[in-house]
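Data block below; observations after.
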Amino acid sequence: MGESILGRAQKKGAVEIHYSQIRDFANNKHNRIDDCPFGGGKGMLMMAEPIALCIEDLIARLGKKPHLVYMSPLGTVLHQEKVK
């Protein structure tokens with residue numbers, strides 16, 4: 000996180016990055032965060048609850064709601080124009 004583009008952005012004060020170990024928010028014996036797709040099918044998904052708990056914890060630690068970038072298949076397509 001301290002190198003390349005992210006490192007330079009942090010040094011300039013353009014971004015502040017906070018991260019968490021999402022497995023710390025799993026409520027099961029083996030701290031599992033993977034889940035099967037609803038209705039079956041191939042692949043694995045991340046459980047919604049650990050993600051939500053992690054975001055809530057971040058908001059509590061910061062004391063405010065930060066700008067979050069959360070990639071989801073339900074969202075709109077991320078285009079370069081939107082990024083700008």
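In this text, residue positions in the sequence shown follow numbering that gives the first Met the number 0: the first is 0, and each later residue adds one.
Every residue, glycine too, gets a C-beta built ideally from N, C-alpha and C.
What you are looking at is a predicted structure, and each value in this text was computed from that prediction instead of being measured.
Within its own chain, the residues whose Cβ lies closer than 7 Å to the Cβ of A25, once the five positions on either side in sequence are excluded, are R31, I32 and P49, listed in chain order. DSSP, read as helix, strand or coil, puts L44 in strand. The shortest C-alpha to C-alpha distance from M46 to any of V82, S71 and G12 is the one to S71. In this model, K83 and G38 are separated by some 37 Å (Cα to Cα). By the neighbour-count definition (other C-beta atoms within 10 Å, threshold 16), C53 is a buried residue.
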